[in-house]
Amino acid sequence: MEKEFFKAIGLYIDSQYIKVYTEYWVYERGRCSTVPAFVLRRDCSDEDLLKHIKICFENSKYISEKEYDNLGGWDVLWDILKKALKKKSLKNFYQTSVGFCLEWTGEMAVHISVWKYYVGKAASQTTADET
222 MEKEFFKAIG LYIDSQYIKV YTEYWVYERG RCSTVPAFVL RRDCSDEDLL
272 KHIKICFENS KYISEKEYDN LGGWDVLWDI LKKALKKKSL KNFYQTSVGF
322 CLEWTGEMAV HISVWKYYVG KAASQTTADE T
């Protein structure tokens, strides 16, 4: 992946809430998810949803290995995200919602990854690219 440009957000919807969070790209490791993250009611206004998507989008970026390590690594970042999204476990998060990640890269391509959890199996990913 190119280092010039990376922006991504995750968005999940369950029976009551829309959950939006920030994605970071860690050099040589891949994408990680953490705050800023927001829990909005499903009946929130379009303006409110767009405002929170924009905050996550603007905070998304490449981070160095050192920044990643200083943040505490995957376990700490996931714990922070779980608390912000009011979820107890990754499995429960995927089982109770449907979601996707929107990713913009240096090629100015948009990658959409849709996640769905299958009972008894791990989460699966479907990806679509658009330039």
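Residues are numbered in our numbering as their position in the sequence shown, beginning at 1, plus a constant of 221. Even for Gly, the Cβ is constructed at its ideal location relative to N, Cα and C. If you're wondering where the values come from, they're calculated on a predicted model, not measured in any experiment.
| query | result |
| --- | --- |
| Where F321 falls: helix, strand or coil (DSSP) | strand |
| Stretch-stretch touch, CB-based, cutoff 8 Å, three pairs: the region 278–287 with the region 300–318 | no |
| One or two residues paired with I239 in a DSSP bridge | I234 and L261 |
| First and last residue of the uninterrupted beta strand (DSSP E) at Y283 | K282 to I284 |
| Cβ-based neighbour list, T317, same chain, cut-off 6 Å, excluding 5 preceding and 5 following | D235 |
| Identity of the residues DSSP links to V194 by a beta bridge | Here the chain has residues from 222 to 352 only, and residue 194 is not among them. |
| Opening and closing residue of the alpha helix (DSSP H) in which F314 lies | L311 to Q316 |
| For G294, the first and last residue of its enclosing alpha helix (DSSP H) | G294 to L306 |
| Of the residues G231, Q237, S334 and V335, the one placed nearest E244, counting alpha carbons only | G231 |
| Residues near F278 by beta carbon distance below 6 Å, same chain, minus five either side | K228 and I230 |
| Contact check, I239 vs P257, beta carbons under 8 Å | no |
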